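*Asks:* Structure below; questions to follow.
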RNA sequence: GCGCCCGUAGCUCAGCAGGAUAGAGCACAGGUUUCCUAAACCUGGGGUCACAGGUUCGAAUCCUGUCGGGCGCGCCA
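Numbering (my numbering), first residue to last: 110 to 689.
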């Protein structure tokens, strides 16, 4: 039950009725009309801007329209009072009887509380991580991985048909480098002294296992043989093993993507050729020259005629090359084919989670989708994740890529656990930089939001356990009477719960899962406050032995709060703990 | 030079779909426990929402410009 959606509907109905009665113009655009919780609770429970937004087009002074609307709304069910305030807000004070109904419905929904059908089953593709398959994930991949996963969960919970996808860059030069590096480790596994790993190859120890696997599978077949004989099989095995590694890393963060899409397959299947042909037929490809890049011009810049995608026709800044000077396809060309594949699978939203250094890629991806599907047919949404800065007790953690000293995703997850990593990565807007201090995030105090939210959930579980052991387990008929919850502290928690479904939808529409984290923090805060009220005011404690109905009611209330916490944490991919 | 992102309290950040008197936490000062987890709670001060225009009944939020910070700018992926 989404109270605000419900009252939004009532406002629309009232407006239509007014139009039908000839009191105002009909057929108006209602998209700017909102029904929302007022910032100041003294203004009531639901507030709408309808009169202010529509006054002009309705052909009525705002005050007059507000009065008409107020008359209709005051008569609606569950509305106790409707009043005009400020510049023309209509504030609804709801009848106290609505809260028991709301709590009952939230409780009945249980695991589904907060979920909705907003997306109407629209197909959405979320592509995230997509790290090169050349080694384990490092800490830089963490944020995008968690963000993408949480966003996918959020969209799924709000009624979208979500596919979680990983694009494997297994076709470029860097996987050849991987193969050469693995071949060296293969020689090493066969007992050769390989000395220092030459510059330009991947030095990581994680390739030793690949070398051993190659030796076991192929014996000495690839020793002292030209690269042309071994490059392909070695590369295939190395990529397969790297992807296993990456899947394990993701699993450590409780991430499981459904589709792992190979870039190479786009070449072997002919999809890239077909895409180029199709774009050419549509007139989006031409032979031409590009101006040298502004800023730093590359050493080996050469002005030449090349095959270009007319990205500028779709809002990009420059046209984009599809072929390299040796005639082979660019990375961008396979990306175009990949976009085409996604579009052909029926996705209406293509969501990309990328690092902030990929900002320059956004317009290109949008241009591609417009060229292939037609303008406005497919929505391309790119969310850029800013850097994570690691700290240890306030000191920045130094990483040197050159020396191969990077902190892996696994290092971080193993040290603080997946729940902490996931929550902290989502406790900031994605486009804001994030500081991650190992000491702070594991601290057990209210200064640590992960702990604070978890603690609220655990505390609820603890009371429920105590209650059950004292005979307040499953309630019997009529034992739960939510109208007994009348204290301000209780009502403010109930109203916070009532905002949850609307918050989920807003977060989904904005593609901003961090809003869930902040909501959970606020809800936890309300709950802890309510808990402490029981100290000065014993009648507000949850278990009150002399009053069975009240106690049973409060247990049900706690279960509703717990569902909200657990469901929100579920979106973030954080396990709600029952005991701490 | 151009594009994208950011600029809110001393610090770290929220600010919901343009709404009413801009909010949290930290830090600082004080208070609360014979009681369901004090691992918590309560009270207090603190703001030219970078700056200047514009749109609007109404702007931290949308538009334009300026300043400051980050990222990026063909044949790498």
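All C-beta atoms, glycine included, are put in the ideal place defined by N, C-alpha and C. Quick caveat, the model's predicted, so the values are computed rather than measured.
Which value, in whole angstroms, describes the spacing of the CA atoms of residue 296 and residue 334?
*Replies:* One C-alpha to the other measures close to 12 Å.
*Asks:* On a CA-only basis, which of 625, 396 and 236 is nearest residue 69? Give me that one, please.
*Replies:* The structure shown does not extend to residue 69, since the chain spans only 110 to 689, so no value can be given for it.
*Asks:* What are the start and end residues of the alpha helix (DSSP H) that includes residue 125?
*Replies:* Looking at the DSSP string, the run of the alpha helix (DSSP H) that includes residue 125 is 112 to 129.
*Asks:* From the DSSP output, which residues share a beta bridge with residue 570?
*Replies:* Answer is none; residue 570 lacks a bridge partner.
*Asks:* Is residue 132 near residue 166, with beta carbons less than 7 Å apart?
*Replies:* No, Cβ-Cβ distance for residue 132 and residue 166 is not below 7 Å.
*Asks:* Whole-angstrom Cβ separation of residue 417 and residue 435, contact assumed at under 8 Å?
*Replies:* That pair is no contact at about 16 Å.
*Asks:* For residue 494, which beta-bridge partners are listed by DSSP?
*Replies:* Its beta-bridge partners are 464.
*Asks:* Let's test the definition: count the other Cβ atoms within 10 Å of the Cβ of residue 553 and tell me whether it reaches 16, buried, or not, exposed.
*Replies:* That one is exposed.
*Asks:* Under three-state DSSP, which class holds residue 271?
*Replies:* The answer is strand: DSSP assigns residue 271 an E or B state.
*Asks:* Helix or strand or just coil, what does DSSP make of residue 200?
*Replies:* Correct three-state label for residue 200: strand.
*Asks:* Could you name the residues of the same chain whose beta carbon sits closer than 8 Å to that of residue 625, not counting the 5 residues immediately before and after it, in chain order?
*Replies:* Result list for residue 625: 259, 263, 535, 612, 613, 616, 677, 680 and 681, in chain order.
*Asks:* Taking the straight line between their C-alpha atoms, what separation do you get for residue 456 and residue 384?
*Replies:* Rounded to the nearest angstrom, the two C-alpha atoms are 18 Å apart.
*Asks:* List the endpoints of the continuous alpha helix (DSSP H) containing residue 528.
*Replies:* Unbroken alpha helix (DSSP H) run through residue 528: 527 to 534.
*Asks:* DSSP state of residue 181, grouped into three classes?
*Replies:* Residue state, collapsed to three classes: helix.
*Asks:* Within 10 Å of its beta-carbon, does residue 151 have 16 or more other beta-carbons around it, so buried, or fewer, so exposed?
*Replies:* When all chains shown are included, residue 151 counts as exposed.
*Asks:* Assuming residue 561 contacts residue 630 under a Cβ cut-off of 8 Å, what Cβ separation, rounded to an integer in Å, is found between them?
*Replies:* About 7 Å separates the two Cβ atoms, so the contact holds.
*Asks:* DSSP three-state label for residue 171, please.
*Replies:* Three-state result, residue 171: helix.
*Asks:* The alpha helix (DSSP H) that contains residue 230, what's its start and end?
*Replies:* Per DSSP, residue 230 belongs to no alpha helix (DSSP H) and is neither H nor E.
*Asks:* Would you mind sorting residue 294 into buried or exposed? The rule is 16 or more other CB atoms within 10 Å of its CB.
*Replies:* Label assigned to residue 294: buried.
*Asks:* Report yes if the C-beta distance between residue 465 and residue 499 is below 7 Å; otherwise report no.
*Replies:* No, Cβ-Cβ distance for residue 465 and residue 499 is not below 7 Å.
*Asks:* Within this structure, are the beta carbons of residue 157 and residue 188 separated by less than 7 Å?
*Replies:* No, these two residues do not count as a Cβ contact at 7 Å.
*Asks:* Which two residues bound the contiguous alpha helix (DSSP H) that contains residue 388?
*Replies:* Run containing residue 388: 380 to 390, per the alpha helix (DSSP H) assignment.
*Asks:* Do the segment 573 to 583 and the segment 635 to 646 touch if we need at least three Cβ pairs shorter than 8 Å?
*Replies:* Touching, no, given that fewer than three Cβ pairs across the two stretches are closer than 8 Å.
*Asks:* On the CB-based measure, 16 or more other CB atoms within 10 Å of its CB, does residue 685 come out buried or exposed?
*Replies:* So residue 685 counts as buried.
*Asks:* Residue 550 and residue 252 - do their beta-carbons sit closer together than 7 Å?
*Replies:* Contact: no.
*Asks:* Determine the burial state of residue 437: buried for a count of at least 16 other Cβ atoms within 10 Å of its Cβ, exposed for fewer.
*Replies:* The residue is exposed, with fewer than 16 neighbouring Cβ atoms inside 10 Å.
*Asks:* So residue 533 and residue 545 are supposed to be a Cβ contact under 8 Å. How far apart are they, rounded?
*Replies:* Sure, about 6 Å apart at Cβ, within 8 Å.
*Asks:* Give me whichever residues DSSP pairs with residue 371 in a beta bridge.
*Replies:* Residue 371 is bridged to 277.
*Asks:* Return the Cβ separation of residue 501 and residue 420 in integer angstroms, given the expectation that the two are a contact with Cβ distance under 8 Å.
*Replies:* Their Cβ separation, rounded to whole angstroms, is 44 Å, which puts residue 501 and residue 420 out of contact at 8 Å.
*Asks:* Return the bridge partner residues of residue 399 from the DSSP annotation.
*Replies:* DSSP output for residue 399 lists no bridge partner at all.
*Asks:* Grab me the residues of residue 160's own chain with a C-beta within less than 7 Å of its C-beta, minus the 5 sequence neighbours each way, in chain order.
*Replies:* The answer, listed in chain order, is 171, 174, 175, 178, 197 and 199.
*Asks:* From the DSSP secondary-structure annotation, give me the bridge partner or partners of residue 247.
*Replies:* DSSP lists 517 as partners of residue 247.
*Asks:* According to the Cβ coordinates, are residue 233 and residue 458 closer than 7 Å?
*Replies:* Yes, Cβ-Cβ distance for residue 233 and residue 458 is below 7 Å.
*Asks:* Put residue 306 into one of helix, strand or coil per three-state DSSP.
*Replies:* Coil, per DSSP.
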